[in-house]
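**Q** Below are the structure tokens for one structure; questions will follow.
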């Protein structure tokens, strides 16, 4: 794990250094990408090609990185967690017929390693293409957001079906946290913002109830929907599509994947929400 983190830090410094071959390669790729998809190339029909080009960059640069660091596992390989000395001593005292429990580790992927270096440089033209592709859906969503936000807090909470026991909670902190999704570049950072939003919501509810409270999706979804509405994220559909296309496959079926699916469901729910 320590070696993996060293490789990650090395890549960040190398790609920021124009005299380094990786830095020169990065500058060239970014220049070509921008020339292709800025201006006349800013057409929504080119979105799929633009995304596939980034995936191609990731695969090819990852091959170069593995050439520089032969010990780095291939795509999808696992790096086990190093065991501590105390744990090693405990293991040595175990009987031979006792099986060791598998140690958790990190799954190596080109997206997790390289997107933090590559995507911030390509984000403006790429997100412009997403905004053009999702323009109609985002306009419908935004119209609903503006209409629903005319309601005061208690009226909106009641309209969304938030349970009465959680209506007294203040979700301003969660709303401010979710707004940060527009200031991040990589899917992993955006997913981290979503996770922090869920944590803020849970903290607010727990502090207001002051007793044990078990969340269910029936209780959580209306509250999260309220936070999404109050956050007023203008291009939420573009954010959702970018995350979905470029997120690490390793997290799609985990906690982050569930939270992302909830955000995606909120986006579609808002588009079809009717006030009465």
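In this note's numbering, the protein residues as written are 61 to 336.
Ideal Cβ placement from N, Cα and C applies to all residues, glycine included.
Inspect the beta-carbon positions of residue 233 and residue 197 and report whether they are closer than 8 Å.
**A** Locating residue 233 in the chain shown gives position 173, counting from the first residue. Locating residue 197 in the chain shown gives position 137, counting from the first residue. Cβ atoms of residue 233 and residue 197: not closer than 8 Å.
**Q** With distances taken Cα to Cα, identify the nearest neighbour of residue 203 among 294, 307 and 78.
**A** Position 143 of the chain shown holds residue 203. Checking every option, the nearest Cα to that of residue 203 belongs to 294.
**Q** Which complete alpha helix (DSSP H) runs does the region 205-284 hold, if anything under 4 residues is left out?
**A** Runs found: 213-220, 232-239 and 247-269.
**Q** Give me, in chain order, the residues of the same chain whose beta-carbon lies closer than 8 Å to that of residue 329; leave out the 5 immediate sequence neighbours on both sides.
**A** Locating residue 329 in the chain shown gives position 269, where the first residue counts as 1. The residues are 285.
**Q** So, for residue 121: in the same chain, excluding its five sequence neighbours on each side, which residues have a beta-carbon less than 7 Å away from its beta-carbon?
**A** Here residue 121 is taken as the residue at index 61 of the chain shown, counted from 1. For residue 121, where only same-chain residues beyond five positions count, the Cβ hits under 7 Å are 174.
**Q** Could you tell me which residues DSSP puts in a beta bridge with residue 166?
**A** To locate residue 166, count along the chain shown from 1; it is residue 106. Residue 166 is bridged to 139.
**Q** In its own chain, which residues sit with a C-beta less than 6 Å from the C-beta of residue 193, not counting the 5 before and 5 after it?
**A** What you label residue 193 is simply residue 133 of the chain shown in a count that begins at 1. Result list for residue 193: 104 and 107, in chain order.
**Q** I need the boundaries of the alpha helix (DSSP H) containing residue 61, first residue and last residue.
**A** The residue labelled residue 61 in the question sits at position 1 within the chain shown. Looking at the DSSP string, residue 61 is not in any alpha helix (DSSP H), and its letter there is neither H nor E.
**Q** Given residue 97, which residues of its chain have a CB within under 6 Å of its CB, disregarding the five upstream and five downstream residues?
**A** Position 37 of the chain shown, counted from the start, is the residue given in the question as residue 97. The answer, listed in chain order, is 110 and 185.
**Q** Does DSSP put residue 288 in a helix, in a strand, or in coil?
**A** Residue 288 sits at position 228 when you count from the first residue of the chain shown. Note: residue 288 maps to helix in three-state DSSP.
**Q** Excluding the 5 residues preceding and the 5 following residue 255 in the sequence, name in chain order all residues of the same chain whose CB lies nearer than 8 Å to its CB.
**A** Here residue 255 is taken as the residue at index 195 of the chain shown, counted from 1. 315, 316 and 319.
**Q** With DSSP run on the structure shown, which of helix, strand or coil describes residue 130?
**A** By 1-based counting over the chain shown, the position of residue 130 is 70. In the structure shown, residue 130 sits in coil (DSSP, three-state: anything other than H, G, I, E or B).
**Q** Measuring CA to CA, which of 250, 332, 333 and 298 is closest to residue 308?
**A** As a position in the chain shown, residue 308 is number 248, starting the count at 1. Checking every option, the nearest Cα to that of residue 308 belongs to 250.
**Q** Inspect the beta-carbon positions of residue 237 and residue 253 and report whether they are closer than 8 Å.
**A** On the chain shown, position 177 is the one that residue 237 refers to. On the chain shown, position 193 is the one that residue 253 refers to. A contact, by the Cβ cut-off of 8 Å.
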